[in-house]
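Asker: Quick one: this structure, given as C-alpha coordinates, is what I'll be asking you about.
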Amino acid sequence: MVLAIQTATILVSQDWCKKCGICIAFCPKKVLESDEFGKVVVAKPEQCIACKICERLCPDFAINIEVTNDE
(Lines of atoms letter the chains of each structure in order from A; the text may use other names.)
(Lines give C-alpha, C1' and ligand atoms only; values in the text may rest on other atoms or scores of the structure.)
Protein backbone atom coordinates (compact mmCIF):
# COMPACT_ATOMS: atom_id res chain seq x y z
CA MET A 92 0.00 0.00 0.00
CA VAL A 93 1.39 3.38 -1.05
CA LEU A 94 0.24 6.52 0.68
CA ALA A 95 0.60 9.88 -1.00
CA ILE A 96 1.35 12.92 1.09
CA GLN A 97 -0.29 16.13 -0.07
CA THR A 98 1.59 19.38 0.14
CA ALA A 99 -0.34 22.63 -0.15
CA THR A 100 1.14 25.89 -1.34
CA ILE A 101 -0.96 28.93 -0.44
CA LEU A 102 -0.66 31.91 -2.75
CA VAL A 103 -2.21 35.23 -1.70
CA SER A 104 -2.35 38.06 -4.22
CA GLN A 105 -1.92 41.20 -2.15
CA ASP A 106 -2.89 43.28 -5.21
CA TRP A 107 -6.32 41.61 -5.40
CA CYS A 108 -7.01 41.22 -1.67
CA LYS A 109 -9.35 43.84 -0.21
CA LYS A 110 -8.67 42.69 3.38
CA CYS A 111 -12.21 41.52 4.13
CA GLY A 112 -10.99 38.70 6.41
CA ILE A 113 -13.37 36.03 5.12
CA CYS A 114 -10.49 33.63 4.49
CA ILE A 115 -9.13 34.14 8.00
CA ALA A 116 -12.52 33.62 9.62
CA PHE A 117 -13.35 30.38 7.79
CA CYS A 118 -9.98 28.59 7.78
CA PRO A 119 -10.54 25.49 9.96
CA LYS A 120 -6.85 25.26 10.89
CA LYS A 121 -6.26 29.02 11.39
CA VAL A 122 -3.46 29.00 8.84
CA LEU A 123 -4.13 32.58 7.76
CA GLU A 124 -3.73 35.72 9.84
CA SER A 125 -3.62 39.44 9.20
CA ASP A 126 -0.56 41.57 9.73
CA GLU A 127 -0.44 45.03 11.32
CA PHE A 128 -1.65 46.55 8.03
CA GLY A 129 -4.59 44.15 7.67
CA LYS A 130 -2.98 42.16 4.86
CA VAL A 131 -3.50 38.41 4.83
CA VAL A 132 -0.38 36.41 5.64
CA VAL A 133 0.18 32.67 5.65
CA ALA A 134 1.18 32.23 9.29
CA LYS A 135 1.11 28.43 9.61
CA PRO A 136 1.53 26.86 6.15
CA GLU A 137 2.44 23.46 7.59
CA GLN A 138 -1.03 23.18 9.13
CA CYS A 139 -2.92 23.68 5.86
CA ILE A 140 -5.09 20.67 4.98
CA ALA A 141 -5.79 21.90 1.42
CA CYS A 142 -9.55 22.08 1.98
CA LYS A 143 -9.62 25.20 -0.24
CA ILE A 144 -12.35 26.88 1.80
CA CYS A 145 -10.38 30.13 1.74
CA GLU A 146 -9.95 29.90 -2.03
CA ARG A 147 -13.65 29.21 -2.65
CA LEU A 148 -14.95 31.93 -0.33
CA CYS A 149 -12.61 34.74 -1.37
CA PRO A 150 -14.81 37.27 -3.22
CA ASP A 151 -11.78 38.74 -4.99
CA PHE A 152 -10.17 35.46 -6.14
CA ALA A 153 -7.02 36.56 -4.29
CA ILE A 154 -6.16 33.11 -2.91
CA ASN A 155 -4.95 30.10 -4.83
CA ILE A 156 -4.14 26.74 -3.26
CA GLU A 157 -1.77 24.54 -5.24
CA VAL A 158 -1.73 20.90 -4.14
CA THR A 159 1.03 18.48 -5.02
CA ASN A 160 1.16 14.78 -4.18
CA ASP A 161 4.47 13.55 -2.82
CA GLU A 162 4.87 9.79 -2.89
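Everything in the sequence shown is counted per this note's numbering, starting at 92 for the first residue and increasing by one. Note that CB positions come from ideal geometry on N, CA and C, so glycine has one too.
Quick one: what does DSSP say Ala153 is sitting in, helix, strand or coil?
Answerer: coil
Asker: Which whole-angstrom value describes the C-beta separation of Ile115 and Pro150, a residue pair presumed to lie in contact below a C-beta threshold of 8 Å?
Answerer: Contact flag wrong, Cβ pair sits at about 13 Å.
Asker: Compute the distance between the beta-carbons of Val158 and Ala141, then report whether it is under 7 Å.
Answerer: yes
Asker: Taking 6 Å as the limit between beta carbons, can you name the residues of its chain near Gln138, skipping five residues before and five after?
Answerer: Lys120, Val122
Asker: Using the beta-carbon count (16 or more within 10 Å), is Ile154 buried or exposed?
Answerer: Around the Cβ of Ile154, a 10 Å sphere holds 16 or more other Cβ atoms; the residue is buried.
Asker: Please state the DSSP three-state secondary structure of Leu116.
Answerer: A small correction: the amino acid at residue 116 is Ala; Leu does not occupy that position in the sequence shown. In this structure, Ala116 counts as helix in the three-state DSSP scheme.
Asker: Can you tell me whether Ile96 is buried or exposed? The criterion is at least 16 other CB atoms within 10 Å of its CB, across all chains shown.
Answerer: By the 10 Å Cβ count, Ile96 comes out exposed.
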